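Numbering (the numbering used here), first residue to last: 364 to 1003. Idealized CB from N, CA, C, for every residue including glycine. In this text, all values refer to a predicted model and were calculated from it rather than measured experimentally.
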Ligand SMILES: [Zn+2]
């Protein structure tokens, strides 16, 4: 028998593999741009379908991938639908199944495509892998396992609702018959599937991503916390519209480039869902709303006092969304002013229909501006306090994050945000002015007590003392999410140990974070048997990003948490404190300490007042701020 000829050892590609194509980077999947309702209207039928491009991964039927697992159990009918196999050659060759309301396998594909688009967007902005919320040992102990996949149930409920359940690590989507009112534009009694709405799937996926990032943003300690969760989920869904090129061009042409003044699909959320429930309008609209008295859509003018008496979570969140959308609109306007001047002979007022070339250029600018705005919003999460977030603090986080990354604000994005937030009455109450410099979180070096330079030197010794660079190196070359999760957990344990060992010298860190870290433990903070205070290293995140000036920014974010009990008017209250240290690894310095320290009487009084207002049933909040197991289930029903 002839021996097979072996290729020489230095031959880079074995001959039989020379023509193998590389592993694909993306998978194309057909789906609805917004939801199925667009296909039934003449003016939008052409743009009702788009092709989603999601990162390539091998899939098992379900689909089941690295991040999500679609489980198609229909509880109302007590049956499982056959799972779609997106890796089947016939399916692959046609960019997935054809959009269809009647085919459950397409529903599975749609949920998968939108969830993965959202996850991808989130990861790209942060420059690191996304994780789902940890599960904890009973009693709130150490996280015990890595939650690899979020479960998506496209037909979980027979009701007009969809929600994220942390307890089950899943997204549950409902379906329901549309209202009988023929004026709704819906086929009366026709079935509406929330899993076929881009906005609803993106919104719910974002809740899960945000919860995986900031666990305590589901703990309502002030009126902004849950409203922020809702607003953030809406913002991600809304700005993803601008990544649909055909829809974008179509809407730019229809509104003649003016996205602020006229009702348009880009600024609306969950159109079909809203109509199907007989509200004559999208579920939420960032720039206006349907006025049932005047029976028409009207633009919503900003009101700086509106926030004061708007406590319902969705309504409050909507003000926040409107502010972000306003910031986007002024950035878009700035970016396109020259184009409009060029095409109007200098007046800026283009007569007649827009030229298709102009439409394309405007669409490009809108898409770029939307991408920047979404990036800014997502990156701000690293700079938020870990507990008890307020809208004003989020604005500070956003401004600080952007100043770190884009020292030169060439296109005045930050000004656009500050201005838009101010017009809606959103700003922190404890800053002197609304300039960038006052809004940026204070730097620890700006300490009034220590002589200049002293604190930097002490903090540098601390960072070296806890061997931070070595810790980051351990993480840097981990590939899979499960390896990263495991290693991060080890680092958190090691850091906790180092900070404790360093504790004698940690007065400085204690003063910076406002937490109790030394053996001199104040009343109200639990202590271990050795007399040291109880605290946790809640999070450890690394970020390597490129600054606008081309330099690399190597950062680490460490979150410390601690609980305390405080007595107020004869009652003992327990509440959570925490600080995030932002550390520049190249300069070896702590750039910011963002948090909520112990013994904050003002905060305690505010929290108690808020909770009492809720307990007394003073607002709608009472129905879902209580002990409800599924906070978002009730939230979304109310909001709809
Ligand atoms: Zn929500």
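For residue i, the nearest candidate out of the options (CA to CA)
i           : options            : result
residue 941 : 921, 947, 848, 929 : 921
residue 385 : 396, 675, 419      : 419
residue 899 : 939, 893, 533      : 939
residue 446 : 465, 734, 453, 425 : 425
residue 848 : 533, 576, 452, 629 : 576
residue 821 : 688, 952, 440      : 952
residue 434 : 495, 512, 483, 529 : 512
residue 757 : 493, 622, 594      : 594
residue 590 : 727, 514, 876, 789 : 789
residue 491 : 596, 903, 730      : 903
residue 494 : 916, 775, 431      : 431
residue 720 : 508, 619, 669      : 619
residue 559 : 889, 393, 623, 647 : 393
residue 407 : 466, 610, 625      : 610
Range covered by the alpha helix (DSSP H) that runs through residue i
i           : result
residue 851 : 844-864
residue 542 : Where residue 542 is concerned, there is no enclosing alpha helix (DSSP H), given that its DSSP letter is neither H nor E.
residue 749 : Per DSSP, residue 749 belongs to no alpha helix (DSSP H) and is neither H nor E.
residue 593 : 587-603
residue 835 : 831-839
residue 736 : 719-742
residue 782 : 776-786
residue 821 : 817-828
residue 755 : 754-768
residue 873 : 870-876
residue 583 : Careful: residue 583 lies outside any alpha helix (DSSP H) and carries neither H nor E.
residue 614 : 608-617
Residue i - containing beta strand (DSSP E), residue span
i            : result
residue 954  : 952-959
residue 927  : 915-931
residue 554  : 554-556
residue 677  : From DSSP, residue 677 is part of no beta strand (DSSP E) but of the alpha helix (DSSP H) over 676-705.
residue 903  : 899-909
residue 946  : 934-947
residue 528  : 525-528
residue 519  : 513-520
residue 1012 : The requested residue 1012 does not occur in the structure, where the chain is confined to residues 364 to 1003.
Simplified DSSP state of residue i, which is helix, strand or coil
i           : result
residue 982 : With a pLDDT of 39 at residue 982, under the threshold of 50, the predicted position of this residue should be treated as unreliable, though the coordinate-derived value follows. In the structure shown, residue 982 sits in coil (DSSP, three-state: anything other than H, G, I, E or B).
residue 370 : Its pLDDT being 49, under 50, residue 370 is placed unreliably in this model, and the value from its coordinates should be taken loosely. Residue 370: coil per DSSP, three-state reduction.
residue 383 : coil
residue 893 : coil
residue 493 : coil
residue 425 : strand
residue 443 : strand
residue 418 : strand
residue 389 : strand
residue 474 : helix
residue 714 : coil
residue 509 : coil
residue 668 : coil
residue 449 : coil
residue 568 : helix
residue 795 : coil
residue 400 : helix
residue 503 : At residue 503, the pLDDT of 48 sits below 50, so the modelled position is not reliable and the matter cannot be decided from this model.
residue 974 : helix
residue 458 : coil
Any non-hydrogen atom of ligand 1 within 8 Å of residue i CB
i            : result
residue 567  : yes
residue 592  : yes
residue 596  : yes
residue 570  : yes
residue 1010 : Residue 1010 lies beyond the residue range present for the chain, which begins at 364 and ends at 1003; the question has no answer from this structure.
residue 516  : no
residue 415  : no
residue 776  : no
residue 526  : yes
Sheet register partners of residue i (DSSP bridge)
i            : result
residue 394  : 413
residue 1006 : Since the first residue of the chain shown is 364 and the last is 1003, residue 1006 is not available in this structure.
residue 533  : 514, 528
residue 632  : 647
residue 437  : 442
Residue i Cβ short of 8 Å to ligand 2 heavy atom set
i           : result
residue 567 : With respect to ligand 2, the structure offers nothing, as its ligand set consists of ligand 1.
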